[in-house]
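Asker:
There are 2 protein chains.
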Amino acid sequence: MKKNVIVGQSGGPTAVINASLYGVVYEALNREDSFGTVYGMINGIEGFLNDRCMDMKPLELSGELELIKTTPGSYLGSCRYKLPENLDNPVYATLFEKFHAMNIGYFFYIGGNDSMDTVSKLSRYAEKTGSDIKVIGIPKTIDNDLVETDHTPGFGSAAKYIASTVREIGIDASVYDNKKSVTIVEIMGRHAGWLAAASALARKFDGDNPVLIYLPETDFDQELFLKKVAEALETTPNLVVCISEGIHDKNGTFICEFSSDIGVDAFGHKMLTGSGKYLENLVKDRLGVKVRSIELNVCQRCSSTMLSGTDQKEAIASGAYGVQCALEGETGKMIAFKRSSDEPYTIDYVTADVNLICNQEKTIPLDWITKDGTDVSQEFIAYAQPLIQGEVNVPTEKGVPKFAFRK
Amino acid sequence: MKKNVIVGQSGGPTAVINASLYGVVYEALNREDSFGTVYGMINGIEGFLNDRCMDMKPLELSGELELIKTTPGSYLGSCRYKLPENLDNPVYATLFEKFHAMNIGYFFYIGGNDSMDTVSKLSRYAEKTGSDIKVIGIPKTIDNDLVETDHTPGFGSAAKYIASTVREIGIDASVYDNKKSVTIVEIMGRHAGWLAAASALARKFDGDNPVLIYLPETDFDQELFLKKVAEALETTPNLVVCISEGIHDKNGTFICEFSSDIGVDAFGHKMLTGSGKYLENLVKDRLGVKVRSIELNVCQRCSSTMLSGTDQKEAIASGAYGVQCALEGETGKMIAFKRSSDEPYTIDYVTADVNLICNQEKTIPLDWITKDGTDVSQEFIAYAQPLIQGEVNVPTEKGVPKFAFRK
Chain A
102 MKKNVIVGQS
112 GGPTAVINAS
122 LYGVVYEALN
132 REDSFGTVYG
142 MINGIEGFLN
152 DRCMDMKPLE
162 LSGELELIKT
172 TPGSYLGSCR
182 YKLPENLDNP
192 VYATLFEKFH
202 AMNIGYFFYI
212 GGNDSMDTVS
222 KLSRYAEKTG
232 SDIKVIGIPK
242 TIDNDLVETD
252 HTPGFGSAAK
262 YIASTVREIG
272 IDASVYDNKK
282 SVTIVEIMGR
292 HAGWLAAASA
302 LARKFDGDNP
312 VLIYLPETDF
322 DQELFLKKVA
332 EALETTPNLV
342 VCISEGIHDK
352 NGTFICEFSS
362 DIGVDAFGHK
372 MLTGSGKYLE
382 NLVKDRLGVK
392 VRSIELNVCQ
402 RCSSTMLSGT
412 DQKEAIASGA
422 YGVQCALEGE
432 TGKMIAFKRS
442 SDEPYTIDYV
452 TADVNLICNQ
462 EKTIPLDWIT
472 KDGTDVSQEF
482 IAYAQPLIQG
492 EVNVPTEKGV
502 PKFAFRK
Chain B
102 MKKNVIVGQS
112 GGPTAVINAS
122 LYGVVYEALN
132 REDSFGTVYG
142 MINGIEGFLN
152 DRCMDMKPLE
162 LSGELELIKT
172 TPGSYLGSCR
182 YKLPENLDNP
192 VYATLFEKFH
202 AMNIGYFFYI
212 GGNDSMDTVS
222 KLSRYAEKTG
232 SDIKVIGIPK
242 TIDNDLVETD
252 HTPGFGSAAK
262 YIASTVREIG
272 IDASVYDNKK
282 SVTIVEIMGR
292 HAGWLAAASA
302 LARKFDGDNP
312 VLIYLPETDF
322 DQELFLKKVA
332 EALETTPNLV
342 VCISEGIHDK
352 NGTFICEFSS
362 DIGVDAFGHK
372 MLTGSGKYLE
382 NLVKDRLGVK
392 VRSIELNVCQ
402 RCSSTMLSGT
412 DQKEAIASGA
422 YGVQCALEGE
432 TGKMIAFKRS
442 SDEPYTIDYV
452 TADVNLICNQ
462 EKTIPLDWIT
472 KDGTDVSQEF
482 IAYAQPLIQG
492 EVNVPTEKGV
502 PKFAFRK
């Protein structure tokens, strides 16, 4: 009897996590000789524990599956649910009973390092109990912080959105180019600076904005920062500075934490502004120049307007490759990318031991950051450039993008 | 002897103010029999007073002019410069001496109501002094608040960006759809709610997010707001609320001013957060639900990713029509749009007396807002829908939009 397939999504959304879902579902549905029903978990493993599942086949028939390819967010819904460390915890027995009751033979989980922790635990529990369920992780995270892979699906589209948006912000900021101004753009990334680094791809020419880029991989010094800003304003009157939300001083104190000096708001909450807002006030106070801070916010991870063709293609392919690997008997693995060349850009799809990946964080190599910690090197550009190539045609309805959603 | 042409841009940028510039320049360059040199003012009238001009012809030869069509921001640079009320002020004589020295016969100014004030004053001075310089205003403002015209170039693209982005934010917010959450989106618009109202175009189905929309045309009541949010959460667990930055209570106090209760920041500045941030804290405090606020910020006016084809076409056409009107001897006029039908959408290009336009503000008709002040009516949808139609192919280089800029 053919075994059934189940797939879930977990953690924060990206522009292409649904493209990976498409890859898994399309590939599984098109191997009817190998697989039975293809199920989707609603709200990941947390929803599955509450028996929330759907049959994916009708989506192919209705055309909804095609639309999923260009829909940001998590079509199936997500969760942040950490399985217990102790594999003797009864939740594992409950889960596997449900798997067996549904005749599940293949489990796919699309997510970042927390989700790979789920893949690790389920595959170890399967091994321990002699279950033959294949458990495979499909990578996704805009943060690009998974180890054992060249990069992760989701990063390319977020990087393309950031590069394009920072270029536009630079154009906007230079409209009053007979007056000086500073624009500070706060970009996602608590511990890894990949996304903020991608703002370097915004430059139209050497020396163009963003002139200064600050990442959490190095320590941030407020006085040095002010000096750099003042210097840069001499040659770039409308200065754009990009920062990771997670920049911190040499003691590891996040710059945004300094804003807590301001006390509590009308409701008694500690007013913690972002790093960008804090630096806006710092520059205004110390340099007396016009300053604005902009938080790119969730649009970095949910915009369909700057889908990278490369990213979307790889997201789909990693989902499909995951299905092939599971069919060949692999388990406890995450699909990973191995790059053999920047130009022409060439990657191979491989599998990596999920136990080496979960709960790890990959940051930018320090030699890809300039010595003064205010820019990235050519190595980073060569690495990131191929990942933002290619445009995707998103279907529209009445002038806005048309998205798939669960009815 | 043929007279020369000069064109300038003024006020805040939009996604299509350069398309209007293209319209003026392209039309004027292609009527060599009627016009001499076509000049651009750098930084508007302020830069012109400092003799900052450029010849636009080389841009046509280099291909840069084509690129201007899809470049956001103000290619020529902008200014916020108010001419004196008293036409006897010597600045007028200075300006007209410069016009005559450059053999200017036609003056075009692309901007909003402040810029139309400049057009009004220059045309009145010309009339008063017997100068035959034709002075024409080309409308632009994302705020859509100019009177005597159906709408303004710039609004359509901003509205398309807002509708598309709010739809994406709604998708992003519903990823954890097994938990309740409120997302507050703050949209530009101090006195007129056109932009926030455009978020209604984000809905995928009746009753979809944004469920609540608050505009500055009506008074905002914090307690009623909390009641509406609590009610809406019952049917829409991941609620998106869109607000204009300029929402205010019945006394006219801006909601963002309430945040000033929190005192001063580390630098002694009064910490004035936006209305969105204030309401985020209010909802968190009173309803105890997960809340996030998002400020769409400058991307509303500088994004090229959501250029409306209709908006771009009309921006170009209004520039070109301005040139034709000036040639026919009109002066002291702004190019305006007259709509004869929503479906099929039909407009005529007309001229309007600029003296009726400058320093006026058009807000949303109150009968286009629902009685409880939390939504717009079908009349608004019928009005706004045609303005966001059509996609524009923006040229790219290395994966990001390619823009024109002054070297």
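Each protein sequence line maps, in turn, to chains A and B. Everything in the first sequence is counted per our numbering, starting at 102 for the first residue and increasing by one. Everything in the second sequence is counted per our numbering, starting at 102 for the first residue and increasing by one. All C-beta atoms in this analysis are idealised placements derived from N, C-alpha and C, irrespective of residue type, glycine included.
Counting Cβ pairs closer than 8 Å, one from the region 456-471 of chain B and one from the region 242-249 of chain B, do we hit at least three?
Answerer: With a cut-off of 8 Å, the region 242-249 of chain B and the region 456-471 of chain B count as touching, because enough Cβ pairs lie within range.
Asker: Would you say Tyr-277(B) reaches chain A, if we count a Cβ-Cβ gap shorter than 9 Å as a contact?
Answerer: True, the Cβ-Cβ gap to chain A drops below 9 Å.
Asker: Nearest-angstrom Cα distance between Asp-386(A) and Glu-147(B)?
Answerer: Straight-line Cα distance between these residues: approximately 28 Å.
Asker: Beta carbon of Ile-285(B), beta carbon of Val-392(B): below 9 Å?
Answerer: Result yes, Cβ atoms of Ile-285(B) and Val-392(B) sit closer than 9 Å.
Asker: Can you check whether the C-beta of Gly-353(A) is within less than 9 Å of a C-beta belonging to chain B?
Answerer: By this cut-off, Gly-353(A) is not an interface position.
Asker: How would you label Arg-402(A), buried or exposed, when you count the other beta carbons within 10 angstroms and need 16 or more for buried?
Answerer: Flag for Arg-402(A) reads buried.
Asker: From Asn-187(A) to Leu-130(A), what distance separates their C-alpha atoms?
Answerer: For Asn-187(A) and Leu-130(A), the distance between alpha carbons rounds to 35 Å.
Asker: Consider the Cβ of Thr-79(A): report whether some Cβ of chain B lies at a distance smaller than 9 Å.
Answerer: Not covered by the structure: residue 79(A). The range shown for chain A is 102 to 508.
Asker: For a quick check, are the C-beta atoms of Ser-419(A) and Pro-254(A) less than 9 Å apart?
Answerer: Yes.
Asker: Residues of chain A with CB under 7 Å from Ser-405(B), in chain order?
Answerer: Per Cβ cutoff of 7 Å: Glu-269.
Asker: Between the region 474-492 of chain A and chain B, which residues of the former have a C-beta closer than 8 Å to a C-beta of the latter?
Answerer: The residues in question are Gln-486, Ile-489, Gln-490, Gly-491, Glu-492.
Asker: Please report whether the beta-carbon of Leu-302(B) lies at a distance below 9 Å from any beta-carbon of chain A.
Answerer: It does: the Cβ of Leu-302(B) has a partner Cβ on chain A nearer than 9 Å.
Asker: At a cut of 8 Å, does the region 302-321 of chain A reach the region 340-356 of chain A through at least three beta carbon pairs?
Answerer: Enough Cβ pairs lie closer than 8 Å, so yes.
Asker: Would you call the region 154-170 of chain B and the region 470-487 of chain A touching, i.e. three or more CB-CB distances under 8 Å?
Answerer: Judged by Cβ distances under 8 Å, the region 154-170 of chain B makes no contact with the region 470-487 of chain A, as fewer than three pairs qualify.
Asker: Which residues of chain A have a Cβ atom closer than 9 Å to the Cβ of Ser-515(B), listed in chain order?
Answerer: No information on residue 515(B) is available, as it lies outside the stretch 102 to 508 that chain B covers here.
Asker: What are the residues of the region 387-419 of chain B that lie near chain A, defined by any Cβ-Cβ distance shorter than 8 Å?
Answerer: Within the region 387-419 of chain B, the residues whose Cβ lies closer than 8 Å to some Cβ of chain A are Arg-393, Ile-395, Glu-396, Asn-398, Val-399, Cys-400, Arg-402, Cys-403, Ser-404, Ser-405, Thr-406, Met-407, Ser-409, listed in chain order.
Asker: My assumption, with CB atoms under 8 Å, is that Val-341(B) sits in contact with Asn-310(B). Please give the rounded CB distance.
Answerer: Between Asn-310(B) and Val-341(B) the Cβ distance is about 4 Å, and since that is below 8 Å, they are a contact.
Asker: What are the residues of the region 247-267 of chain A that lie near chain B, defined by any Cβ-Cβ distance shorter than 8 Å?
Answerer: Cβ contacts with chain B: Lys-261, Ala-264, Ser-265, Thr-266.
Asker: Return the chain-ordered list of same chain residues with a C-beta closer than 6 Å to the C-beta of Gly-257(A), the five sequence neighbours on each side being excluded.
Answerer: Cβ within range, chain order: Ser-409, Thr-411, Asp-412, Leu-488, Ile-489.
Asker: Under the rule that 16 or more other beta-carbon atoms within 10 Å means buried, what is Ile-363(A), buried or exposed?
Answerer: Reliability fails at Ile-363(A), whose pLDDT of 48 lies under 50, so the model's placement of it is uncertain and the value that follows must be treated cautiously. With 16 or more other Cβ atoms within 10 Å, it is buried.
Asker: Report the rounded CA-to-CA distance for Phe-504(B) versus Tyr-123(B), giving the unit in angstroms.
Answerer: Cα to Cα, the separation comes out at about 14 Å.
Asker: Taking only beta-carbon positions, decide if Thr-497(B) is within less than 9 Å of chain A.
Answerer: Chain A contact via Cβ: present.
Asker: Does DSSP put Ile-363(A) in a helix, a strand or coil?
Answerer: For Ile-363(A), the predicted structure reports a pLDDT of 48, less than 50, and the residue's modelled location is therefore unreliable. The matter cannot be settled from this model.
Asker: For a contact defined as C-beta to C-beta under 8 Å, what are the partners of Cys-180(A) on chain B?
Answerer: The answer, in chain order, is Tyr-277, Asn-279.
Asker: Does Glu-147(B) have its Cβ less than 9 Å from a Cβ in chain A?
Answerer: For Glu-147(B), the answer is yes, since a Cβ of chain A falls inside 9 Å of its Cβ.
Asker: I want to know whether the region 205-221 of chain B touches the region 150-164 of chain B - three or more CB-CB distances under 8 Å.
Answerer: Contact fails: fewer than three Cβ-Cβ distances are below 8 Å.
Asker: Taking just the CA atoms, how far does Thr-497(A) sit from Glu-492(B)?
Answerer: Answer to the nearest angstrom: the Cα atoms are 9 Å apart.
Asker: Just to confirm my understanding: we take Leu-160(B), look at its own chain, exclude 5 residues before and 5 after, and list those with CB closer than 6 Å. What are they?
Answerer: Taken in chain order, the residues that qualify are Leu-166.
Asker: Terminal residues of the continuous alpha helix (DSSP H) containing Ala-120(B)?
Answerer: Run containing Ala-120(B): 118-130, per the alpha helix (DSSP H) assignment.
Asker: Determine the burial state of His-252(A): buried for a count of at least 16 other Cβ atoms within 10 Å of its Cβ, exposed for fewer.
Answerer: It is buried - the Cβ of His-252(A) has at least 16 other Cβ atoms within 10 Å.
Asker: Closer than 8 Å between beta carbons: that is the criterion. Which residues of the region 286-318 of chain B meet it against chain A?
Answerer: Residues passing the 8 Å Cβ filter: Leu-302, Ala-303, Lys-305.
Asker: How about Ile-143(A) and Gly-178(A): do their beta carbons lie closer than 9 Å?
Answerer: Yes, the Cβ-Cβ distance between Ile-143(A) and Gly-178(A) is below 9 Å.
Asker: Would Val-501(A) count as contacting chain B if we go by Cβ distances under 9 Å?
Answerer: Chain B contact via Cβ: present.
Asker: What does Phe-208(A) pair with, by DSSP beta-bridge criteria?
Answerer: Its beta-bridge partners are Ile-107(A), Val-236(A).
Asker: On a CA-only basis, which of Pro-445(B), Lys-229(B), Ile-356(B) is nearest Glu-324(B)? Give me that one, please.
Answerer: Comparing Cα positions, the closest option is Ile-356(B).
Asker: How many Å lie between Ser-163(B) and Met-157(B) at the Cα?
Answerer: About 10 Å.
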